[in-house]
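Q: After the structure tokens below, expect a handful of questions from me.
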Amino acid sequence: MFEYAPAPESRDVVDIKPSYGLFIGGEFTDGTGTSFKTVNPASEEVLSEVASASADDVDRAVRAAREAFGTWSAMPGSERAKYLFRIARIIQERSRELAVLESLDNGKPIRESRDVDLPLVAAHFFYYAGWADKLPYAGYGPSPRPLGVAGQVIPWNFPLLMLAWKIAPALACGNTVVLKPAETTPLTALLFAEICRQADLPPGVVNIVTGAGETGAALVNHPDVDKVAFTGSTEVGRLIARSVAGTHKKVTLELGGKAANIVFDDAALDQAVEGIVNGIFFNQGHVCCAGSRLLVQESIAEELLEALKRRLSTLRLGDPLDKNTDIGAINSAAQLAKIRELSDHGELEGAERWSPACALPERGFWFPPTIFTGVAQSHRIAREEVFGPVLSVLTFRTPAEAVEKANNTPYGLSAGVWTEKGSRILWMADRLRAGVVWANTFNRFDPTSPFGGYKESGYGREGGRHGLEAYLDV
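Residue numbers for the sequence shown follow the UniProt record's numbering, so the first one is 1 and each next one is one higher.
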């Protein structure tokens, strides 16, 4: 493999404070609870100490959001749009700073945070700014009304992008927000709070409370929250669904997945290999819609696997701030332990494990890109969400068998189909029980396109015109 010289991005563009409080009512304030440390998963270095919001802190944030709701919801959509456009432009101006901070706190390669996450974050705010004064034409009645206060809980795999998915449509529709970022990745949300102040967003329209599961539970269960939006694990999604059942709260849940990436014998092989790599090893496999099950037509299985292994041998694992890095660090010790446990179980059940020669750094949380062959549908690695750089390979003979195997999962978030036949793509898409089906590509996102799942992958849609419905009283 051609060796690249290190090309590290500078940390100097980011000023990380020794400690952070909560962002409530337009001001940073101390919490009444404890605090926790957020670390760089690539080095285990402590980045900062962050306040853990108590139930009283969450109550203060919800009251601030409720107080701001009257003015914000009454504001003409064209005026709300100006704030969203302003936020989008500031995100673009500070994108390098945000990208470096995201990679430091999350562990993802700087190329991904810089070239994928940040452009999409700004695009979502631009897109929903355009909708703010056009809501009567969105298809939800001539006079759609906002719901009120939205309580939003986001995961650690795409901290800033998930923030944009949640906050942008909520504000465009006239709601106010209390958002809780994941406890392992709070820093870009707190920097976004600074951006809200820079954009002169009215106090209380956006509030950020940090903490672990107890903080999220206090927010979800608060009686004055009108809308709950959650992205995360299916297990937590079930708890949220139970807690809000029978209340007035509107809910959207974007949960786990076990997507099938299906390759037919007429697919462009090299293109499919790139799609497989992007489908499962992008963001270290920390993607809810990752193509973690590869279904390959039996007649080309051996040829495809050889090409895939050659491609994996060229991937570079290491410092997330190095612009040459393809695979960064696993987000936390707990997630690394889960990936190891499921991978070890895959071997115990009889699957064959393969990883390229890959030197792992001594410090930090690391796992090499891994392929399992000889996988049965009953194996845990084929059924459970690993949420890491682990690919299970299964084979099929006919399109009908491919559909049956792809749908043999409790999840239904996404799928991919690789073939040169347009009719086959449409035939498959009509039968796959997945919210998103990609054709000859994978992990493509756009703010104009809705995203969401079936079955245990949740309900509701985020993105596009459909993403407005979740924040309107219709």
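In this text, a Cβ means the ideal position worked out from N, Cα and C, and glycines have one as well.
Since the structure is predicted, the reported quantities are computational estimates derived from the model, not experimental observations.
Given a cut-off of 8 angstroms, decide if L253 and G458 are closer than it, judged by their beta-carbon atoms.
A: yes
Q: Given A470, which residues of its chain have a CB within under 6 angstroms of its CB, disregarding the five upstream and five downstream residues?
A: T252 and G460
Q: How many angstroms separate the CA atom of L348 from the CA atom of F372?
A: 12 angstroms
Q: Can you tell me whether T234 is buried or exposed, with buried defined as 16 or more other CB within 10 angstroms of its CB?
A: By the neighbour-count rule (16 or more Cβ atoms within 10 Å), T234 is buried.
Q: Could you have a look at residue 504 and say whether DSSP puts it in helix, strand or coil?
A: No answer is possible for residue 504: it lies beyond the span of the chain, which begins at 1 and ends at 474.
Q: Considering only DSSP beta bridges, list what P8 is partnered with.
A: BP columns for P8 point to D322.
Q: Using the beta-carbon count (16 or more within 10 Å), is P8 buried or exposed?
A: exposed
Q: Counting C-beta neighbours from all protein chains within 10 Å, is the total for V296 16 or more, i.e. buried, or is it exposed?
A: Buried: at least 16 other Cβ atoms inside 10 Å.
Q: Would DSSP call I473 helix, strand or coil?
A: Reading off the sequence shown, one finds Asp at residue 473, where the question assumed Ile. In the structure shown, D473 sits in a strand (DSSP, three-state: E or B).
Q: Is it buried or exposed for Y128, if we count other Cβ within 10 angstroms and need 16 for buried?
A: buried
Q: So, using beta-carbon positions, are V62 and V121 closer together than 8 angstroms?
A: The answer is no: Cβ separation not under 8 angstroms.
Q: Take the Cβ of D430 as the centre, count every other Cβ of all protein chains shown within 10 Å, and call the residue buried at 16 or more, exposed below.
A: exposed
Q: Would you list the residues sitting across from W354 in a DSSP beta bridge?
A: I371
Q: Quick one: what does DSSP say F28 is sitting in, helix, strand or coil?
A: strand
Q: Give me, in chain order, the residues of the same chain whose beta-carbon lies closer than 6 angstroms to that of Y4; leave out the 5 immediate sequence neighbours on both sides.
A: For Y4, where only same-chain residues beyond five positions count, the Cβ hits under 6 angstroms are N324.
Q: Measuring CB atoms only, is the segment 361-375 touching the segment 239-259, in the sense that at least three cross pairs come out at less than 8 angstroms?
A: no
Q: Quick one: give me the first and last residue of the alpha helix (DSSP H) that I381 is part of.
A: R380 to R383
Q: Between which two residues does the beta strand (DSSP E) harbouring R293 extend?
A: In the DSSP assignment, R293 falls within the unbroken beta strand (DSSP E) covering R293 to Q297.
Q: State the Cα-Cα distance for the pair T185 and P41, rounded to the nearest angstrom.
A: 10 angstroms
Q: Compare the Cα-Cα distances from D12 to each of A64, D30 and L101 and report the closest residue.
A: L101
Q: So, are the CB atoms of K108 and G328 less than 8 angstroms apart?
A: yes
Q: Near S35, which residues of its chain fall below 8 angstroms by C-beta distance, leaving aside the five closest residues on each side in sequence?
A: S19, E49, V50, A51 and S52
Q: Report back the beta-carbon spacing between T419 and F264 to the nearest angstrom; my notes put them in contact at under 8 angstroms.
A: 4 angstroms
Q: Please state the DSSP three-state secondary structure of W233.
A: First, the residue type needs correcting, since residue 233 is Ser and not Trp in the sequence shown. DSSP places S233 in coil when its eight states are reduced to three.
Q: Report yes or no: do the segment 132-140 and the segment 209-216 share at least 3 C-beta pairs separated by less than 8 angstroms?
A: no
Q: Beta-carbon separation of residue 551 and L118 under 8 angstroms?
A: This structure does not reach residue 551, given that the chain is present from 1 up to 474, and the question cannot be answered.
Q: Consult DSSP for E349 and reduce its assignment to one of helix, strand or coil.
A: coil
Q: Rank T441, A434 and N440 by C-alpha distance to the C-alpha of E456 and give the top, closest one.
A: A434
Q: For a minimum of 4 consecutive residues, which ranges assigned as the alpha helix (DSSP H) are wholly contained in the segment 55-94?
A: 55-74 and 77-93
Q: Could you check what DSSP says for F23 in three-state terms: helix, strand or coil?
A: strand
Q: Looking at C-alpha atoms only, which residue of D224, T188 and G346 is the closest neighbour of I16?
A: With distances taken between CA atoms, I16 lies nearest to T188 out of D224, T188 and G346.
Q: Indicate the three-state DSSP secondary structure (helix, strand or coil) for R43 in the structure shown.
A: A small fix is needed here, since residue 43 is Ser in this sequence, not Arg. In the three-state reduction of the DSSP assignment, S43 falls in the coil class.
Q: Is the beta carbon of P399 less than 8 angstroms from the beta carbon of W427?
A: yes
Q: For the alpha helix (DSSP H) containing N331, name the first residue and the last one.
A: Run containing N331: none; DSSP gives neither H nor E here.
Q: Can G291 and F442 be called in contact, C-beta distance under 8 angstroms?
A: In this structure, F442 lies closer than 8 angstroms to G291 by Cβ.
Q: Please list the terminal residues of the continuous alpha helix (DSSP H) segment that includes I154.
A: Unbroken run through I154: none, as it is neither H nor E.
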